[in-house]
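Novice: Take this structure first; my questions come after.
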Amino acid sequence: MHEYDQIAEWFTRVRNPEIGIPDLVAFVQSLSPHAKILDLGCGDGIPISQYLFREKFDLVGLDSSQEMIKRYRANFPTIPTRCERAQEARFMPGSFDAVVAWSVLFHLSDTEQASLIAKVAGWLKPDGRFLFTSGDVEGVAEGEMNGISFAYVSLGSSTYRCLLHGAKMRVLAVYSDPWENHVYIAQKIA
Numbered sequence: 097m098h099e100y101d102q103i104a105e106w107f108t109r110v111r112n113p114e115i116g117i118p119d120l121v122a123f124v125q126s127l128s129p130h131a132k133i134l135d136l137g138c139g140d141g142i143p144i145s146q147y148l149f150r151e152k153f154d155l156v157g158l159d160s161s162q163e164m165i166k167r168y169r170a171n172f173p174t175i176p177t178r179c180e181r182a183q184e185a186r187f188m189p190g191s192f193d194a195v196v197a198w199s200v201l202f203h204l205s206d207t208e209q210a211s212l213i214a215k216v217a218g219w220l221k222p223d224g225r226f227l228f229t230s231g232d233v234e235g236v237a238e239g240e241m242n243g244i245s246f247a248y249v250s251l252g253s254s255t256y257r258c259l260l261h262g263a264k265m266r267v268l269a270v271y272s273d274p275w276e277n278h279v280y281i282a283q284k285i286a
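Mind the numbering: the sequence shown is residues 97 to 286 in the numbering used here, read in order.
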């Protein structure tokens with residue numbers, strides 16, 4: 097998203113480094129050591145990739161913002177990265193043990209979200225896990241970060257559950273974290 101190019105410096109400065117960490121700690125407990133994880137919408141990598149890197153997981157970062165990828169590469173020069181839109185990304189089937197998409201899906205249209213969920217299911221190995229955040233109630237909200245407008249699209253909890261089920265994924269958890277992020281965790285059915 098070119099909007100993140102415009103706010104990259106500000107976002108990097110104000111991003112709360114604790115958001116998402118308790119969720120990741122619980123999420124990775126079921127993964128094998130050195131599991132391969134895609135950080136989808138990785139931004140500058142802090143705090144999501146930073147935590148996963150410290151825990152010795154095999155990471156790939158993907159983000160559509162050139163400025164965020166530049167910052168990610170400066171923070172984690174050894175982690176492979178790709179600068180492209182998530183909805184256009186292509187990976188071999190079964191490439192990942194897990195995919196984390198923190199604060200990503202709600203930036204996409206309803207059809208793009210549905211398509212991406214299906215793609216993620218294809219990228220996951222059998223029993224692979226998917227963690228993402230989005231709204232729990234269907235609707236579109238307008239917001240602003242550092243003077244730049246953003247649209248936030250939520251398909252609602254029941255639609256996300258249906259899309260995950262349709263992509264042959266089992267919903268393991270749906271909850272709100274202390275920062276009011278709505279977290280979805282699913283597992284690809286073997």
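Note that CB positions come from ideal geometry on N, CA and C, so glycine has one too.
Buried or exposed: A170, going by 16 or more other Cβ atoms within 10 Å of its Cβ?
Specialist: It is exposed - the Cβ of A170 has fewer than 16 other Cβ atoms within 10 Å.
Novice: Apart from the five residues just before and just after D154, which ones in its own chain have a Cβ nearer than 8 Å to its Cβ?
Specialist: So the qualifying residues of the chain are H130, A131, K132, I133.
Novice: DSSP three-state call for A282: helix, strand or coil?
Specialist: Here A282 sits in strand by DSSP.
Novice: First and last residue of the beta strand (DSSP E) that includes L136?
Specialist: Run containing L136: 132-136, per the beta strand (DSSP E) assignment.
Novice: Helix, strand or coil: which one does DSSP assign to A182?
Specialist: Here A182 sits in helix by DSSP.
Novice: Which residues bound the beta strand (DSSP E) around I244?
Specialist: That run of the beta strand (DSSP E) goes 244-250.
Novice: In the DSSP output, which residue or residues are listed as bridge partners for S266?
Specialist: The question names Ser, but residue 266 in the sequence shown is Arg. Answer is Q283, bridged to R266.
Novice: In terms of residues, what are the limits of the alpha helix (DSSP H) holding D101?
Specialist: Taken as a continuous stretch (DSSP letters only), the alpha helix (DSSP H) holding D101 covers 98-110.
Novice: Taking C-alpha atoms, which residue in G235, W219, Y168 lies nearest to I142?
Specialist: Per the Cα distances, Y168.
Novice: Could you tell me the boundaries of the beta strand (DSSP E) in which K221 lies?
Specialist: It spans 220-229 - the beta strand (DSSP E) in which K221 sits, taken as one unbroken run.
Novice: Is the beta carbon of I285 less than 9 Å from the beta carbon of P222?
Specialist: Yes, these two residues count as a Cβ contact at 9 Å.
Novice: Looking only at its own chain, which residues have a Cβ that is under 7 Å from the Cβ of I117, when we skip the five neighbours before and after it?
Specialist: Excluding sequence neighbours, I117 sits near P143, Y147.
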